[in-house]
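Beneath this line is the structure, given in structure tokens, with notes to follow.
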Amino acid sequence: MTGRPCDVPGADHDGTARLYPCGWRCTAHAPQARTTPAETPPTPAAAPTRRAARPAEDPYRITSALLIDCGTGIEIKDGDRAGQIWWKANPRARYECVACQWRSEIVTGPIAVQTFVSHIRDTHRATCTGAPTEGAQAA
């Protein structure tokens, strides 16, 4: 590239010298990538300590989303309504299933959201068309 000679003295040079961390080297003397030794197969004694492969169906995959907006509430400090909450924006919740692409309607209000959140996962799981139905879960 620059016409500078290879730093390796008294050897056959090939190609134009390039700058490497070890100095200027031609193609014949350029550093080579290190090869890693082949992995040895595990011994029978070591086999149980190896981590088991994940099943084809990943148990940690996302299957649904429960979206909750807690709203904006201000506690009333004094007066006959002391201790109650005045809602500027009501809490809202919605459930989405990734397996069957179902979306619930948006539930609004503190009591309605609390009730909705407490049961929606189990209720939808029982009727989901995209969820696997096997064993006790199908009953």
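Yeah, the sequence shown ends on 139 if you go by full-length UniProt numbering, and it's all consecutive.
C-beta atoms are modelled at their ideal positions from N, C-alpha and C, and glycine is treated no differently.
All values derive from a computational prediction rather than experimental measurement.
Check                                                                                : Outcome
Spatially closest choice to C6 from P21, C22 and C26, by CA coordinates              : C26
Top-ranked residue by Cα proximity to R18, from G10, D12 and R4                      : R4
Minimum C-alpha distance to P91 - residue among I74, P110, S104 and G10              : P110
Pairwise C-alpha distance: W87 and D122                                              : 29 Å
Given R125 as reference, the closest of I106, C70 and Y95 once Cα atoms are compared : Y95
With 16 other Cβ atoms within 10 Å as the buried cut-off, status of C22              : exposed
C-beta contact flag for I74 and I85 at 8 Å                                           : yes
Reduced DSSP secondary structure (H/G/I, E/B, other) of S118                         : helix
Residue from Q32, L66, S118 and A11 whose Cα sits closest to the Cα of S104          : L66
Where the beta strand (DSSP E) through E96 begins and ends                           : R92 to C97
Inter-residue spacing [alpha-carbon to alpha-carbon] between G10 and A28             : 13 Å
Cβ shell of S64 (< 8 Å), same chain only, five flanking positions each side left out : Y95, E96, C97, V98, A99, R121 and H124
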